[in-house]
Structure formats: C-alpha cells, structure tokens
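Here's the structure we're looking at; comments come further down.
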Amino acid sequence: MALGRAHSVAVTGVDGQLVEIEADIGRGLPAVHLVGLPDTALQEARDRIRAAVANSGEEWPDSKVILALSPATLPKVGSVYDLALVAAVLDAAKQVKRQRLRETVLLGELALDGRLRSVRGILPAVLAAKNAGWATVVVPVQSLPEAGLVGGVEVLGAHDLRAAIAWLREERDLEYPEPAQWVAQPVRADLSEVVGQVEARWAIEVAAAGAHHLMLTGPPGVGKTMLAQRLPGVLPPLTESESLEVTAIHSVAGLLPPERPLIDVPPFIAPHHTASVSALVGGGSGVAKPGAVSRAHRGVLFLDECAEIGTKVLEALRTPLEDGEVRIARRDGVARYPARFQLILAANPCPCAPAREADCVCAPTARRRYLGKLSGPLMDRVDLRVRMQAVATGAFIDDVGESTEDVRQRVAEARAAAGERWSDYGWRTNAEVPGPALRQKFRLARPALAPVERALRKGLITARGADRALRVAWTVSDLAGLDMPGPEQVVTALGFRDRSFQ
Amino acid sequence: MAWAYLSKVVQGPCPALSRLVEKVGPEEAARAVRERDLSEMLGERTVARAHVDTAAHDLELVAGMGGRLVTPDDDEWPQWRLLGFGNLSRSRDEGPPLALWVLGSRPVTELTDRAISIVGTRAASGYGEHVTAEISGDLAVDGWTIVSGAAFGVDGAAHRAALGVGGLTVAVLACGVDRAYPAGHARMLRQIAQNGAVISEYAPGTTPAKHRFLARNRLVASLSDGVVVVEAGWRSGARNTASWARKLGRPVMAVPGPVTSASSTGCNRMIREGEARLVANAGDVVEEAGPIGLREGLDVVRDLDALSGDALLVYEALPAVGARGVRELSELSGVAVEQVRAVLPLLEMEGFVGSDDTGWSRQK
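First to last, the protein sequences are chains V and B.
The letter at position 128 of the first sequence is residue 128 when you use UniProt numbering, and the numbering goes up by one with no holes.
The letter at position 151 of the second sequence is residue 151 when you use UniProt numbering, and the numbering goes up by one with no holes.
So this is what it looks like as structure tokens:
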C-alpha cells in the first residue's frame, strides 16, 4: 500500500489550473487505472508512460496502479501530464526522493523511448504554476525558451525521463533557460512605402492613436492591404504583461516559433475571407482552441474582402468586439480567450470592382447588397470609415511619405495623453470610451459640437455616428497635442463618417 | 436709477412718457413724475404709483440675480428692433418699452440680431410640441435666437428645443424678471438666463396680469425677425402676437394643422385669411424671415464656426471641373493639410463639395 503524489497544470483556454496527481499502488492484477475525467489522449498515457518507464531503465510496479487526477471534476485534456504521472508512480514505489518532487510542477509528454516532448500551452501552464506559488517547474527542453519567459519561478528543462528522474533523485542538474537572446525582430513593412494615399495614411495614424476600428473601401490595387499591414508597426510595442498574454494565446494555439518565443510586437492576423466562425472566434471539438480574434489579441485583425465574408461569420465578431474576450463552450468545458483586437475591414466598393468607380457594371441592387451586409451592430463599432482614392495623377508618385518611426512617435504621444486622461475611468484608449461619457461628462464646448449637431440635423450621421465622430475628434486632438477637441478636430472627425447612406 | 424708478411707476408701455424722457432726459422726467409736474394725460397714468420709489432696491435685487437694467442710453439697447413702434398710432399701450430688465450675460442686441419668435397655444398637442421642437431646434442650430414667452405648451417646447441643441433663446415675461411665471418653468427660466436672456419691461415684483401678457406679446414680436405660430386656438394670445408682428412689419408664419384639431384652428384661419404664410420647417422660416438668399452662399459655414477664411480658400482652390486630393488642395490654397481636412467635411455637409474615388470636387 503505497501512495505517491506529483503536480501538473491543466490549461483551459489561457487559464491554467494546478492538478494534483496521486498514484496508488495496491493489491491486484497488474493494471493501470486512470481516474479524473481524462480525454482520449490522456487515457493513452497509460501505455505511453509504462513503455517510457521501461525504456528508461526503471521498474514499473508489478501490481495494480490507480492514478487519480484532481480536481476530479475538471476535464483533463492532452498529454502534458505524462511526466507528472510517471513521477507519482515512482514516488509511490519509493524510487525517487520526495524533497524535490513536493515543490515541483512537472510538464511534458513522454515518447515511448523516454524522450520528453513539447506540448502546447506551456507558457500559460508555467504562469499558472508561478501564480499558485510554486518554486520550480520542469518542462521539456524544447519548451525551455518559452517557459523561461516567465520570471519569478525556477524553470528547468529535461531532455528525457532519465534526466528528470535523476534530477528528482538529486543526482544531477537540469538545463536552465538561456538568457534571452533572440533573433532580431523581422523588419516590418514601412509606412513610407505607400505611394500617395495621404488621407488613408492619416487614417492609419488616427486608428493607431485611438485604437479605433477602421474600414477601408476602395478600388482594388489601391493599397488597402498594404496599408493595413503597416498598422502594427505604428502601434506602440506591447508591454511586458501584454506580451505574456499574447504569447500565452499563441502558445495554446501551438504557433510560437521556437527561436523567438516571446511576442512583443502587436500581432497582425489576416484570416482568409472564407474562414469559418470557428476559425475566426475559436472552436473545435473537445476543448475550444483559440481563433483568429484571440491570436490578434492586442494586435490587428485584418479582414480583407470583408464583403465576401459570410454574414454569420461577421456577426460572430460582435461579442469579442464588445467584451474583449470570447467564451466558447464545448463538450469538455468553457474556454475563455482574451480577444481585444483592433479590427481593420477592407472591401471593394462593389462586386465588379473596376479601377475607376465610374466603370462599374454592377446592377444597383448588387452594389447595395454588397456592402449592405456589413451594416448594423458590427459597423457601429467601426469608428473610422475611409474611402480610399485611386491615385489619379502622377503628381505625387515620387513623393516619399513619413516613415513608420515618425508616425509611431506621434501615436505614442497621443496614446499617452489619452491614457492619462481616461485613467480614472478605466479606459485606456479613446475607442473604449462609451458614448454617454462623450456626450455628458466630457461634453465639448458648444462651438465644437455645432458641426456634429448640424450633421445630425441634416441627417448625414446617426446618433451613434455622432458618438463616433466625437470619439475620433478626441484622437485627432490628441494627435494635434491639444487638451480638448475644437471645431476643427470635430469637423476632421466628421470626415471619417459613414458616407454610404447619403 | 431714474430709469428704474420710471419703469416701476409706469409699468408697461407709455409712449407719452417715452417722448418726455427723450426730450428732457430720465432724471428730469423722474423728477417731474415724482412731483406730479406733468400734463394731464401723463399724470393720470403715473399718479397712482408716483410715490412708490423702490428703484435702488430693484436694481440691487436684479443685480444679485445676475441681471441688469438696459435702457435706451445703453449700447445694447435694441434700437433697431424697436424702431417699428415709431410708426404706430401713438395710443396708449402701443409704444416701445421704457427700459428692459434683463437676466443673462449676453448683450440684447447680439441676442436679437438674428431671432425668430415661436409662439402658440399653452394647450399644445403632441403634434404641436413635436413641430415646435423641430423648427426651434433646427433654427437654433443654425444660429438663430429663439424668442418666446416661456408659457406652457408651444412656448416651453420652443425654449427647450433651443436649449437642447445648445442654442440661444430669449424668454420675454409679463411679470418682473425676479418671478418665475409659470412656476413650473422656474428651472427652465434659469437655464434660459444662462443660455440667452430672460427679459421683461416690468420692474421686479410686478405680478403677471392679462393686459401685461398682451403688452408682452408686442415685445416678443418686436425682438425678432419674424413670428411663427405653431398652434393657436380660435382665440389665442399667439394670434395677438401675430397681429403685433403685422403692425410692426414683421413676417408672420403659421404651421398648419389638422382641420379637425381645435388647437390648430387659429393657425389655419390665419393662413386662409392671408394673415400668415404657411411654413412647415425651419428652412421655410428662414426663407420667409431671413435675409434674402441666406440658404445659398457660404454664410452657413461661417455660422458654424470661425473657419470661413480657410473654407473659402479651399473652395476657391478647387477647379471648376475635375477633382483634387487633400494634399493638392493644401498646396493650391496655401492652407495647411490639417486645416484642409478640417474644412472639407464641413463644405461637403453644406453641399459645396463632394468626394468620390478620384478626390474632392465642386458641387456648386
């Protein structure tokens, strides 16, 4: 009658929860029983760990082994528990010392020959272990760079089961993460490469400064995609905690490049317009995996040809836009993924999309229907509407615009000003400020409001459109370094209004 | 002081006293009234209250409320507006006010420079209140001052709509400005004093009375460019205001209503008898009462803010045919790019320019 214990982490969404693994070696025919809501991959761990133990030169108990994972009601998914399961069994068999085992979280999948394999979601697991107050985490050596991003906890990497067991027996040391030494950040496309398009470039600047969602329409080849790709470069780099948030999501999605595990620049995610709802917001069987909106967390989600995207898919964006996160319920539980992204929509003005709008051959109803499906609650959240103009003359072709660096400087200043102004209210950017606050608490002076009122009276904007104009006006004034928007800023903001229903 | 005294004594319009003041000055007139050294007609009018001298107290009271007494000696005296009274038959009650008690910080001349009176029945229907609010709000946004009498119904709706859009509005009372009448509009009157003015020709402490309402109506008509009657019953004070406007040569406009509606009978009748022009919205009102051609021209843009100079330059820089980008416009007009961005949507809103996929172009 022997009892062993080890610890691992269950990751649901990007939230980790400590899992205690108990092993009981009791009387009975040799067998392994696994309890505690394991999924298929975990059921198969019984065979994996037995083989791995045998192939590492250790002895598997010749008796009945019961392995229990608690909390028992939490569904356990995947192969990350292999190492901890083995440790619990060996602990029960009194083959390892308890000293280190008691204060260590073990993560990793085992190959039959005893090698430790990397799994998804190592970063959130290490974060959870650290937050739960654990001192040491052992991870597969391939995951060491990723796990090493977390400070305040000792992270060790093991090549194989043999090394891990030897370490538990205090016979040898494991590998430490190397100090951060990453390949240089890939060179981002620069804003100065965009030819002409002064107005659209300016829109990108405003969008970056206020974190406003942006819609670009214009004939094909005018540079919509090019511009959108340059937005992340203008955005301020992620803070340390933001980087970890983003990296955790990408870790769960299994998308982290091993040579550069920390994502410290805003991600740019551009799903294809045929993407399904699950691809966009996350999903899949068992436990939901993060979708494009979550991978774009703290970055940019670019939906090119958004008029071609299915209505259902577009509507699915509403909740993440509203809440800044998605909760997806699947058979094995509800996964929560943060999804606070900046949306850029791009579309042609009509299905035929000629280079010059005058050459359009679409039927009027087709034109109406094309962008019509974008109307409604989704578009209400898009503060900036920009109609890009074809470069009509060659007059400015040799003109080199401002570089990304210059614009980023201004954006950073504007964001700092906005952050300071709203800090008491918990908003970080102008885009987050709700309409009532703009109309009441931060009401502009009468002359500044006059253009908006005039536009309202003339039916050029809706009440929500007025809110959007005010919100953008704050950003324009932040960029101009003013304390408060004046009439000029409000009128400039009105230039970004929706022109579709004139 | 002398003005305040005279205002208190005479209570309302008195052309004879006005003429006397004009001739000998307020101090001398005040002395004459006090010592009953007057012609018979004037004496009859003033003798009853000649001994009531609360001028100092009245001035102090009104000053305490943030108000003042505006007299023909002041620069802000709306001389131009009140000129019309000179042509009227000089009977009792048909003269200009002796002086005006004003609550509110803006000069009266500025407030009444471009003003429309909107009046109507106190028992306004839902239709009446809606139309009032629409016309009043639209006019106020366009920079017109809304003048009315602060009564319930149409008057209140007109003031409220103007206040709601942050416009200017003037309430003319039939009692002292220290009184809130009707009491239910006390809060609204305070707001009006902040965003315009509360005006009365009656000294503080004067109570409202029927004849004072009629006299007040002549001020409502005279302080504006035109009178709009939104809803009026068969016999209504609004029709009285309208007749004052006709006497003073101001355009009278009426909003028609259902022929079955009791509260529109007055309006419908005025239209039928040719006493008033039919108006349905603020645009009609401006066409009727505003300067000729105001609906065209860049003036509207000017009224919105101080962009006129740049707006004009940018507009002029646009070619008669073809489109230009913002950058080109900036270079052609010499106006900074930021400024060009700040005027183009405004010009677009007013229909002067349009934009398509090639850039901005002239529409007019």
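For every residue, glycine included, the Cβ atom is placed at its ideal position computed from N, Cα and C.
{"Asked": "Contact with chain B by A480(V), beta-carbon distance below 8 Å", "Found": "yes"}
{"Asked": "CA nearest to the CA of L489(V), picked from R499(V), G481(V), S477(V)", "Found": "Per the sequence shown, the amino acid found at residue 489(V) is Gln instead of Leu. Checking every option, the nearest Cα to that of Q489(V) belongs to S477(V)."}
{"Asked": "Euclidean distance between Cα positions of G143(B) and S200(B)", "Found": "23 Å"}
{"Asked": "Counterpart residues of D24(V) in DSSP-defined beta bridges", "Found": "L3(V), I66(V)"}
{"Asked": "Chain B contact residues for L494(V), given Cβ-Cβ distances below 8 Å", "Found": "P345, L346, M349"}
{"Asked": "Chain-ordered neighbours of T145(B) on chain V, where CB pairs are closer than 7 Å", "Found": "Going along chain V, no residue has its Cβ under 7 Å from T145(B), so there is no contact; the nearest lies around 14 Å."}
{"Asked": "With 16 other Cβ atoms within 10 Å as the buried cut-off, status of M270(B)", "Found": "buried"}
{"Asked": "Bridge-paired residues (DSSP) for E175(V)", "Found": "G157(V)"}
{"Asked": "Whether T71(B) touches A99(B) by CB criterion (8 Å)", "Found": "yes"}
{"Asked": "G297(B) to L378(V) span [Cα, whole Å]", "Found": "The predicted model places G297(B) with a pLDDT of 37, which falls under 50 and marks its position as unreliable, so this point remains unresolved."}
{"Asked": "Rounded C-alpha distance that separates G25(B) from L6(B)", "Found": "11 Å"}
{"Asked": "Contacts around V47(B), its chain only, beta-carbon distance under 8 Å, and the 5 residues preceding and following it disregarded", "Found": "R36"}
{"Asked": "Against chain V: residues of the segment 157-168 of chain B by CB proximity under 7 Å", "Found": "V165, G166"}
{"Asked": "Same chain, Cβ closer than 8 Å to P487(V), five either side skipped, listed in chain order", "Found": "P447, A448, A450, P451"}
{"Asked": "Residue nearest to V19(V) in terms of C-alpha spacing, selected from I25(V), A2(V), P38(V), G26(V)", "Found": "P38(V)"}
{"Asked": "Identity of the residues DSSP links to W101(B) by a beta bridge", "Found": "L69(B), S200(B)"}
{"Asked": "Host beta strand (DSSP E) of T145(B) (start-end)", "Found": "145-148"}
{"Asked": "Proximity below 8 Å, CB of V105(V) to CB of I66(V)", "Found": "no"}
{"Asked": "Proximity test, Cβ basis, 8 Å: E201(B) and chain V", "Found": "no"}
{"Asked": "Between the CA atoms of G196(B) and L304(B) - distance to the nearest angstrom", "Found": "With a pLDDT of 45 at L304(B), under the threshold of 50, the predicted position of this residue should be treated as unreliable, though the coordinate-derived value follows. Looking at the two C-alpha atoms, the distance is approximately 18 Å."}
{"Asked": "Nonlocal neighbours in the same chain, by C-beta distance under 6 Å from A30(B), ignoring five residues either side", "Found": "A2, Y5, L6"}
{"Asked": "Burial state of L3(V), where buried means 16 or more other Cβ atoms lie within 10 Å", "Found": "exposed"}
{"Asked": "Under 8 Å between C-beta atoms of A296(V) and F341(V)", "Found": "yes"}
{"Asked": "Proximity of G120(V) and S285(V) at Cβ, strictly below 8 Å", "Found": "Reading the sequence as shown, one finds Arg at residue 120(V) and not Gly. Contact flag unset, no."}
{"Asked": "DSSP beta-bridge partners of E325(V)", "Found": "P338(V)"}
{"Asked": "Collapsed DSSP secondary structure at W474(V) in the structure displayed", "Found": "helix"}
{"Asked": "Residue burial classification, E259(V) (beta-carbon count within 10 angstroms, cutoff 16)", "Found": "exposed"}
{"Asked": "A31(V) - DSSP class collapsed to helix/strand/coil", "Found": "strand"}
{"Asked": "Inter-stretch contact (C-beta, 8 Å, three-pair minimum) for the segment 232-252 of chain B and the segment 111-122 of chain B", "Found": "yes"}
{"Asked": "Bridge partners - P290(V), DSSP secondary structure assignment", "Found": "G282(V)"}
{"Asked": "Minimum length 3: unbroken beta strand (DSSP E) runs contained in the segment 116-166 of chain V", "Found": "136-140, 154-158"}
{"Asked": "Whole runs of the alpha helix (DSSP H) within the segment 347-432 of chain V, excluding any shorter than 4 residues", "Found": "364-372, 377-380, 404-422"}
{"Asked": "Contacts of D356(B) in chain V (Cβ-Cβ under 7 Å)", "Found": "E357"}
{"Asked": "E348(B), DSSP secondary structure in three states", "Found": "helix"}
{"Asked": "Extent of the continuous alpha helix (DSSP H) run through T40(V)", "Found": "40-43"}
{"Asked": "Cβ pair L139(B), V285(B) closer than 8 Å", "Found": "yes"}
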